[in-house]
Structures are given as structure tokens and as C-alpha cells.
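If you read the sequence shown in the UniProt record's numbering, its first letter stands for residue 1, the second for the next number, and so on.
Notes to accompany the following structure.
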Amino acid sequence: MRLINTATLEFTEFIGSQLPAYGILSHTWEAGEATFEDAQAGLLRSGTSQGFHKVRKACELARDDGLDYCWADTCCIDKSSSSELTEAINSMFQWYASADVCFAFLSDLAPDDGIGALAGCRWFTRGWTLQELIAPRELRFYDRDWVLRGTKGDHAAIVSEITLVGESILLGHKALNSMPVGRRMSWAAGRQTTRPEDKAYCLLGIFDVNMPLIYGEGQRAFTRLQDEIIRQSNDLSIFLWTSTCGNRYRGILAESPDEFKCAANIVRYSVTPGLENPEYIMTNKGVRINISLS
1 MRLINTATLE FTEFIGSQLP AYGILSHTWE AGEATFEDAQ AGLLRSGTSQ
51 GFHKVRKACE LARDDGLDYC WADTCCIDKS SSSELTEAIN SMFQWYASAD
101 VCFAFLSDLA PDDGIGALAG CRWFTRGWTL QELIAPRELR FYDRDWVLRG
151 TKGDHAAIVS EITLVGESIL LGHKALNSMP VGRRMSWAAG RQTTRPEDKA
201 YCLLGIFDVN MPLIYGEGQR AFTRLQDEII RQSNDLSIFL WTSTCGNRYR
251 GILAESPDEF KCAANIVRYS VTPGLENPEY IMTNKGVRIN ISLS
């Protein structure tokens with residue numbers, strides 16, 4: 001993992017799981033972001049765009065918390081390396097979960113906006129920020145002037161209303177895998193990503209699965225995500241979706257997280273021993289399952 005030293009604004013690389021304490025930035029991408037190449041050229045200290053300011057401010061906040069390191073997705077990943085990008089995206093949920101604190105920068109939240117204005121912030125509409133909301137132990141919201149507006153714990157009720165993610169998940173009182181697959185998918189319904197493949201890749205950590213990245217595969221990425229989930233789970237709620245494309249003939253798997261909007265309120269009940277969800281497998285013909293319909 002490549003971290004920014006909060007004093008020098010230079011990179012330090014750490015191999016393996018022995019990481020120092022660090023802060024982490026969550027934000028929405030805009031023009032003028034600081035890149036890996038910029039950081040390599042020593043521009044984190046002198047760059048003048050909003051993107052550079054974001055990174056410097058996150059490092060300053062981390063340093064104020066006594067943290068020597070900080071991480072930002074814009075500049076800490078060498079995106080020219082497909083292997084590094086794959087490793088980073090497959091590890092990202094854990095990186096956010098392992099951070100001491102996450103700084104969520106809401107660039108469109110004005111200083112005089114009340115906390116009710118959170119619902120209109122772009123941060124709540126993006127695919128990648130779903131895991132950045134759920135994974136961290138502590139997440140602090142900052143407005144466009146970097147004024148602290150509270151934590152996800154302070155605003156758990158309104159954040160839950162905006163995102164449909166239960167307060168028990170936001171506060172870490174319930175394990176993420178205690179939620180049905182379909183319900184977790186519903187949290188991503190309506191969220192946007194710049195590239196279609198990222199609608200799948202941004203959910204890897206939500207379902208604790210790993211898979212290679214193939215940019216250019218388009219919607220196929222979401223099919224592969226569901227295949228990976230099915231390999232590890234017999235949760236039938238993965239089939240609880242509603243088509244958004246009318247009566248067109250199609251397969252048993254959804255084409256987008258948007259089709260799981262109907263699963264927002266499903267719950268998992270305890271069942272009588274012997275009546276648990278049956279095992280099933282995907283074949284080249286579809287799904288093979290033995291289940292009682294009585």
C-alpha cells in the first residue's frame with residue numbers, strides 16, 4: 001500500500017498487512033485531480049488546483065489527529081499498471097475499513113447549508129462512495145470550506161434515510177454479511193459511475209469477493225460479480241430483482257444494481273434446521289436448483 005507522509009507529502013510504500021495508522025480521503029472526482037504522476041514529480045506541495053488542495057487538506061487533518069500517513073485514491077494508485085489497479089480495487093474496502101479515520105469531503109455542501117442538505121450532495125449518488133461510507137470505523141463529513149459537519153455516527157438516521165443502509169450497518173453494530181445479498185445490491189441502485197464496469201467493481205468489498213478487472217467488458221462485469229457471489233453464497237435473494245427493460249427475453253441474472261431497487265426492505269429470517277436455502281449452481285443453460293415449492 002502506498003501512503004502519503006503527512007509531513008513531507010511524499011510517498012512511502014508498505015508491503016503486506018503491517019501498516020501504520022493512517023487517515024483516508026473520500027470524495028467525488030472533479031477536474032484538476034492530483035495524479036500519481038503529479039505526486040511522483042513532487043507537485044503535491046505546490047499544485048494549485050482543487051484536487052491538490054484536497055489531498056493537502058486531508059493530510060493536514062490526518063496530521064492534526066497524530067497520524068503520520070494518509071491515502072487518497074487519485075494519487076496513491078499507479079493507474080498505468082493494470083496489476084496495481086486490480087490489487088487496489090480488490091483491496092479498497094479493506095483499506096477504508098483499516099483506516100483510523102475517513103475524511104469525506106462534500107464539495108457541494110455550502111457552509112450555510114443545514115445538515116438536511118446532505119441528501120442533495122453528489123457524494124451520495126456515486127457508486128464508489130457506498131463502500132467508503134460503510135467500511136470506515138469513523139467517517140467525518142466536511143463541507144466545501146473543510147468545516148467539520150459531524151460524523152456518520154452523529155447523522156446515522158439521516159444518512160440511513162438517504163442511502164437506505166441501515167443504521168446498524170452504518171454504526172458497525174451488525175456485520176455486513178448479515179444483510180441479504182439482494183438488499184445490499186439495492187443500496188447501489190441509482191448510484192452512478194463514470195465507467196459501466198465500475199458499477200460492479202465498486203461492489204467487490206460489499207460482497208467480500210475478488211475478481212480481475214477487464215475494462216471494456218461493459219455490462220458483463222456485473223454478470224461476473226453475480227457469478228462470484230453465487231460461488232460463495234446460497235443466498236437466493238440474488239435472484240430478487242425486477243427487469244427495467246420491459247418484456248425482452250433475458251437470463252436469470254440482473255443487468256445492473258438498479259434492478260434490485262425492489263429488494264430494499266427484504267430481511268433474512270431464521271429457518272427450521274433442514275429447511276435452509278438449498279445449494280444451487282450456474283450452468284451453461286442457467287441455474288440448477290432442487291427446491292420444494294409446497
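Think of the CB as a built atom: it goes at the ideal place given N, C-alpha and C, for glycine as much as any other residue.
C-alpha distance - residue i paired with residue j, whole-angstrom precision
i: LEU240; j: LEU213; result: 26 Å
i: GLY51; j: THR35; result: 9 Å
i: TRP95; j: ARG183; result: 23 Å
i: LEU3; j: GLN131; result: 20 Å
i: ASN210; j: GLU228; result: 8 Å
i: ASP154; j: TYR249; result: 46 Å
i: ILE169; j: SER46; result: 40 Å
i: THR12; j: ALA264; result: 42 Å
i: SER243; j: MET1; result: 40 Å
i: ARG268; j: SER186; result: 15 Å
i: ASP100; j: CYS59; result: 13 Å
i: PRO180; j: GLU84; result: 31 Å
i: ALA156; j: ASN5; result: 31 Å
i: ASN234; j: GLY251; result: 18 Å
i: SER26; j: ASN290; result: 44 Å
Unbroken beta strand (DSSP E) run spanning residue i, endpoints
i: CYS70; result: 69 to 71
i: ASN90; result: Here ASN90 belongs to no beta strand (DSSP E); instead the alpha helix (DSSP H) covers 82 to 98.
i: GLU13; result: 11 to 13
i: VAL287; result: 286 to 289
i: MET282; result: 280 to 283
i: ILE4; result: 2 to 5
Residue range of the unbroken alpha helix (DSSP H) whose run includes residue i
i: THR28; result: First-last for THR28: undefined, no H or E at that position.
i: ILE158; result: 156 to 163
i: ILE229; result: 220 to 232
i: ARG268; result: Careful: ARG268 lies outside any alpha helix (DSSP H) and carries neither H nor E.
i: THR129; result: 128 to 134
i: VAL55; result: 50 to 64
i: LEU106; result: First-last for LEU106: undefined, no H or E at that position.
i: PHE141; result: Element bounds for PHE141: not the alpha helix (DSSP H) but the beta strand (DSSP E), 139 to 142.
i: LEU170; result: 167 to 170
i: ARG149; result: Element bounds for ARG149: not the alpha helix (DSSP H) but the beta strand (DSSP E), 148 to 151.
i: TYR201; result: 198 to 201
i: TRP187; result: 181 to 187
i: ASP38; result: 36 to 40
Proximity winner among the options, relative to residue i (alpha-carbon distances)
i: GLY190; options: SER26, GLU259, LEU44; result: GLU259
i: THR151; options: ASP145, ARG231, PRO136; result: PRO136
i: ARG122; options: ARG140, THR193, ILE15, LEU203; result: THR193
i: LEU236; options: GLY251, TYR280, GLU197, LEU43; result: TYR280
i: ASP113; options: GLU228, VAL55, ARG144, GLN40; result: ARG144
i: ALA72; options: HIS53, THR86, SER83; result: HIS53
i: THR283; options: ARG268, VAL267, PRO257, LEU253; result: LEU253
i: THR28; options: SER107, GLY286, SER256, THR244; result: SER107
i: SER178; options: LEU133, ASP208, CYS75, ARG149; result: ASP208
i: ARG126; options: ARG56, LEU203, CYS75; result: LEU203
i: LEU176; options: ALA7, ILE134, ARG231; result: ILE134
Buried or exposed (CB count within 10 angstroms, at least 16 for buried), residue i
i: residue 295; result: Residue coverage of the chain in this structure runs from 1 to 294, which leaves residue 295 outside it and unanswerable.
i: LEU171; result: exposed
i: GLU10; result: exposed
i: VAL147; result: exposed
i: LYS174; result: exposed
i: ASP64; result: exposed
i: THR129; result: buried
i: CYS262; result: exposed
i: GLY218; result: exposed
i: GLY66; result: exposed
i: ALA188; result: buried
i: GLY23; result: buried
i: ARG149; result: buried
i: PRO257; result: buried
CB contact below 8 Å: residue i versus chain B
i: CYS75; result: Chain labels in this structure do not include chain B; a single protein chain is all it has.
Next item on the list: Report yes or no: do three or more beta-carbon pairs, one from the region 222 to 238 and one from the region 88 to 102, lie closer than 8 Å?
Entry: Flag = no, the region 222 to 238 and the region 88 to 102 do not touch.
Checklist line | Cβ pair count under 8 Å reaching 3, the region 77 to 85 against the region 100 to 117 | finding: With the cut-off at 8 Å, the region 77 to 85 and the region 100 to 117 do not touch.
Next item on the list: Would you be able to state if there are at least three C-beta pairs under 8 Å between the region 151 to 165 and the region 198 to 216?
Entry: Three or more Cβ pairs closer than 8 Å define a contact, and the region 198 to 216 falls short of that threshold against the region 151 to 165.
Next item on the list: Could you tell me whether the region 14 to 21 touches the region 36 to 50, using the rule of 3 or more Cβ pairs below 8 Å?
Entry: No: the two stretches stay apart, fewer than three of their Cβ pairs being nearer than 8 Å.
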